[in-house]
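Student: First the structure, which I've put down as structure tokens, then a few questions once you've had a look.
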Amino acid sequence: MLHYAVVFLVIALIAALFGFGGIAAGAVGIAKILFFVFVIMAVVTFVLSLLKRG
Numbered sequence: 316m317l318h319y320a321v322v323f324l325v326i327a328l329i330a331a332l333f334g335f336g337g338i339a340a341g342a343v344g345i346a347k348i349l350f351f352v353f354v355i356m357a358v359v360t361f362v363l364s365l366l367k368r369g
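Here you go:
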């Protein structure tokens with residue numbers, strides 16, 4: 316499950332690069348939304364993996 320958290324974090328960082336860096340000017344809004352969605356998913360899976368271990 317920790318693997319999924321890392322994957323979601325990487326996807327969120329890529330979306331942040333496009334959304335906040337101005338690389339994809341036409342899709343800035345979508346990239347920012349995807350960033351926040353994948354950050355939330357990464358945090359949730361990270362917390363669930365910690366709870367599953369303990």
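Residue numbering for the sequence shown follows this note's numbering, beginning at 316 and increasing consecutively. All residues carry an ideal CB built from backbone N, CA and C; glycine is no exception.
1) When you compare only the Cα positions, how much space is there between histidine 318 and threonine 360?
2) Report the rounded CA-to-CA distance for glycine 337 versus lysine 367, giving the unit in angstroms.
3) For glycine 337, does the three-state DSSP call read helix, strand or coil?
4) Rounding to the nearest angstrom, what Cα-Cα distance links phenylalanine 353 and alanine 327 in this structure?
5) With a 10 Å radius around its C-beta and 16 neighbouring C-beta atoms as the bar for buried, classify phenylalanine 350 as buried or exposed.
Tutor: Taking the geometry as given:
1) In the sequence shown, residue 318 corresponds to position 3, counting from 1. In the sequence shown, residue 360 corresponds to position 45, counting from 1. It is roughly 9 Å from the alpha-carbon of histidine 318 to the alpha-carbon of threonine 360.
2) Sequence index remark: in the sequence shown, residue 337 carries index 22 (1-based). Sequence index remark: in the sequence shown, residue 367 carries index 52 (1-based). Each residue's Cα considered, the two are about 38 Å apart.
3) To locate residue 337, count along the sequence shown from 1; it is residue 22. Of the three classes helix, strand and coil, the one that applies to glycine 337 here is coil, per DSSP.
4) Position 38 of the sequence shown, counting from 1, holds the residue named residue 353. Position 12 of the sequence shown, counting from 1, holds the residue named residue 327. Distance from the CA atom of phenylalanine 353 to the CA atom of alanine 327, rounded to whole angstroms, is 5 Å.
5) Locating residue 350 in the sequence shown gives position 35, counting from the first residue. Taking all protein chains in view, the Cβ of phenylalanine 350 is crowded by 16 or more other Cβ atoms within 10 Å, so the residue is classified as buried.
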